[in-house]
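Inspection log for the structure reproduced underneath, given as structure tokens.
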Amino acid sequence: MDHDEARTRILDAAEKLFYERGIQSVGMDELRTAAGVSLKRLYSCFPAKHDLVEAYLRRRDSRWRTALAEYVDAQADGPAARPLAVFDWLGEWFAEDGFRGCAFLNAYGELGATSERVGCVAREHKEALLGYVAGLVRAVPVAEPESLARQLVLLIDGAIAGAALMGEPSAARQARAAAAALMEAAGSVTESGAAHSET
């Protein structure tokens, strides 16, 4: 087993166990066993647990945002449908076995007060999500797209929390309806402004 294969196996085990049970409850020896590597190999790949936690979160961020973008690209029929397709993807994610909410908020809740690196990765994930949603919104004729994007991200985070904590299966659908209303209102403001400028 080479270094890259061992690293992948360790990250796979970490993602499953950290997301399922939390970071602090999973020890390095348990991770070693789950990954099928020696303790020496584990520490050669990740000298300390916080190195592994950061790598896990960064890989999850990349995979999560890639899956979301691929779904939106495949399912949305035109720019106006793309922001709402985000909520459709959330609904599919919420229905998956083992769904436990936002890995980044979970990690921040556990370690954010003591780990600057965890806080940094969590914030970067949320900033990247906001940037992605803002890009979708800017392609639609709406008033104040940056403000609307922030409102949609609040709905996204609220839906994730509702689905995880309350077991609310309709959280994505409810958030989508709220997002559609916000987008319609923002579009109406733009149309009203355009009408005034023409008179």
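When you line the sequence shown up against our numbering, it's residues 1007 to 1205, in that order.
In this text, a Cβ means the ideal position worked out from N, Cα and C, and glycines have one as well.
Here's a check: name, in chain order, each residue in its chain whose Cβ is nearer than 7 Å to the Cβ of residue i, leaving out the five neighbours to either side.
i	result
Ala1201	Unreliable placement is indicated for Ala1201, whose pLDDT of 43 sits below 50; the coordinate value is still reported in the next sentence. There are no such residues.
Glu1152	Ala1140
Ala1012	Val1043, Arg1047, Cys1051
His1131	Asp1067, Phe1110
Report the residue from the options whose alpha carbon sits nearest the alpha carbon of residue i.
i	options	result
Leu949	Cys1108, Ala1091, Gly1115	Residue numbering for the chain in the displayed model covers 1007 to 1205; residue 949 lies beyond these limits and cannot be assessed.
Ala1184	Asp1094, Ala1134, Cys1126, Gly1173	Asp1094
Glu1190	Leu1154, Ala1134, Arg1179	Leu1154
Lys1055	Met1034, Gly1164, Ser1068, Arg1038	Met1034
Cys1051	Gly1028, Asp1067, Asp1008, Ala1165	Asp1008
Arg1182	Met1172, Gly1173, Asp1163, Ser1194	Asp1163
Arg1069	Trp1099, Leu1160, Gly1125, Pro1175	Trp1099
Gly1137	Arg1156, Val1124, Arg1123	Arg1156
Arg1015	Ala1041, Arg1027, Leu1048	Ala1041
Ala1101	Tyr1049, Asp1083, Gly1173, Asp1067	Gly1173
Asp1103	Leu1188, Ser1194, Asp1010, Glu1026	Glu1026
Leu1160	Ala1082, Leu1188, Ser1176, Cys1126	Leu1188
Ser1194	Gly1028, Glu1133, Glu1150	Glu1150
What residues in its chain sit with their C-beta under 8 Å from that of residue i, if we drop five residues either side in the sequence?
i	result
Ala1128	Leu1063, Phe1110, Leu1111, Ala1113, Tyr1114, Gly1118
Gln1030	Glu1116, Leu1117
Thr1205	Only weak support exists for where Thr1205 lies, its pLDDT of 45 falling under 50; the value from the coordinates is given anyway. The answer is none, since no qualifying residue turns up.
Ser1044	Arg1038
Can you round the beta-carbon distance between residue i and residue j to whole angstroms, since I take them to be within the 8 Å contact cut?
i	j	result
Ala1170	Gly1107	3 Å
Ala1004	Val1148	Residue 1004 falls outside the range modelled here, since the chain spans only 1007 to 1205, and no answer is possible.
Leu1135	Arg1065	Not confirmed; about 16 Å, so no contact.
Ala1167	Ala1178	Not confirmed; about 12 Å, so no contact.
Indicate whether at least one CB of chain D lies closer than 8 Å to the CB of residue i.
i	result
Gly1104	Judged by its chain identifiers, the structure shown contains no chain D, having just a single protein chain.
Can you give me the Cβ contacts of residue i inside the same chain, cut-off strictly under 6 Å, excluding the 5 residues immediately before and after it?
i	result
Leu1206	The structure shown has nothing for residue 1206, since the chain only spans 1007 to 1205.
Val1146	Pro1085, Ala1086
List the endpoints of the continuous alpha helix (DSSP H) containing residue i.
i	result
Thr1039	1034-1041
Thr1014	1009-1027
Asp1079	1055-1081
Glu1133	1122-1144
Ser1050	1045-1051
Ala1165	1151-1171
Glu1116	1109-1117
If contact is defined by three or more beta carbon pairs under 8 Å, each pair taking one atom from either stretch, is the stretch 1045-1061 in contact with the stretch 1076-1093?
no
May I ask you to verify whether the stretch 1083-1103 touches the stretch 1016-1026, counting CB pairs closer than 8 Å and requiring at least 3?
no
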